[in-house]
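Notes follow once the structure below has been shown.
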Amino acid sequence: MDKTVQWAAAAVADIPDGATLAVGGFGLVGVPITLIRAILDQGASRLEVVSNNCGVDGWGLGVLLSEGRIRRIIASYIGENKEFARQYLGGEVEVELTPQGTLAERLRAGGVGIPAFYTPTGMGTVVSEGGMPWRYAPDGSVAIASPPKQTQVLHSLGEPREYVLEQAIRADFGLVRAAKADRHGNLVFEKSARNFNPLAAMAGRITIAEVDEIVEPGQIDPDEVHLAGIYVDRVVQLTPEQAGELPIEKTTVRTRGENN
56 MDKTVQWAAA AVADIPDGAT LAVGGFGLVG VPITLIRAIL DQGASRLEVV SNNCGVDGWG
116 LGVLLSEGRI RRIIASYIGE NKEFARQYLG GEVEVELTPQ GTLAERLRAG GVGIPAFYTP
176 TGMGTVVSEG GMPWRYAPDG SVAIASPPKQ TQVLHSLGEP REYVLEQAIR ADFGLVRAAK
236 ADRHGNLVFE KSARNFNPLA AMAGRITIAE VDEIVEPGQI DPDEVHLAGI YVDRVVQLTP
296 EQAGELPIEK TTVRTRGENN
């Protein structure tokens with residue numbers, strides 16, 4: 056039952072070329088930066104990544120992207136990553152943009168064994184009708200477009216309404232960042248780091264967590280557990296230096312003395 060692994064390099068050593076990774080975090084909050092760097096050093100390429108976004112230039116998933124190690128991304132937005140935008144518009148990477156709530160539910164559904172679900176989000180748009188650019192050609196034309204999705208009129212929530220069918224996501228590996236774990240893999244997330252991390256962990260067939268602190272089984276109150284250890288396969292404790300590396304994606308400041 057002891058799921059601890061001493062080094063991040065050992066935890067990611069069996070991730071092969073072409074693997075699908077579900078990665079927790081939002082912007083740079085709760086991102087498993089140490090595991091991502093270990094994959095960079097390990098050499099896996101042609102990866103498909105499922106994450107809310109793809110880090111920023113030089114941080115998080117951005118380091119894998121800049122090295123050309125990602126072939127496809129399922130994400131909610133391109134965000135602050137200029138290299139992500141450049142590769143997408145230049146046809147170097149395939150991108151399946153997905154509404155944020157839909158992406159969260161696709162990951163959760165994969166984790167609990169629901170193969171697909173209906174949602175009203177995206178009905179009447181390219182999300183349901185198809186035609187969203189997944190990959191551009193070098194000349195700027197659309198090389199691969201999203202296909203149309205199945206829709207259905209349902210009455211179960213009152214008035215008849217049309218819904219779009221969304222497929223669940225299961226990843227080969229889930230990579231997450233947590234504040235605390237016990238040796239059985241039960242996880243506690245710190246504040247807003249409890250974003251996509253539990254969902255990415257649930258969706259992974261093999262889930263690896265990097266954590267600030269590891270305690271003995273029984274030392275975490277069951278009511279404080281955010282994700283049960285049944286979803287977690289490997290736990291790596293960060294060094295104090297790694298745990299303290301918490302980059303800020305964007306700062307907003309005011310002039311001293313201002314009241315508003």
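Using the working numbering, read the sequence shown as starting at 56 and increasing by one per residue. Positions of the beta carbon are idealized from the N, C-alpha and C atoms, including for glycine. Note that this is a predicted model, so its numbers are computed, not measured.
Counting only residues of its own chain and dropping the five nearest sequence neighbours on each side, Arg190 has a CB closer than 7 Å to the CB of Gly146, Glu149, Ala198 and Ile199. When DSSP states are grouped into helix, strand and coil, Phe251 belongs to the coil group. At least 8 Å separates the beta-carbon of Glu268 from that of Arg232. Taken atom to atom, the span from the alpha-carbon of Gly82 to that of Gly110 is near 6 Å. Our two residues, Gly134 and Gly85, have alpha carbons roughly 16 Å apart in a direct line. Straight through space, the alpha carbons of Val290 and Ala66 are spaced by roughly 8 Å.
Rounded to the nearest whole angstrom, the CA to CA distance from Ala99 to Asp112 is 20 Å. The beta carbon of Asp57 sits closer than 6 Å to the beta carbons of Arg238 from its chain, once the five residues preceding and following it are set aside; these are given in chain order.
One Cα belongs to Phe251, the other to Asn108, and the distance between them is close to 10 Å. The three-state reading of DSSP puts Glu268 in strand, counting E and B together. Taking 8 Å as the cut-off, the beta carbon of Pro253 is found closer than this to the beta carbon of Leu282. For Trp114, the closest of Ile224, Glu300, Thr307 and Ala236 by C-alpha to C-alpha distance is Glu300.
In the DSSP assignment, Val182 falls within the unbroken alpha helix (DSSP H) covering Val181 to Glu184. Secondary structure of Tyr191 (DSSP, three-state): strand.
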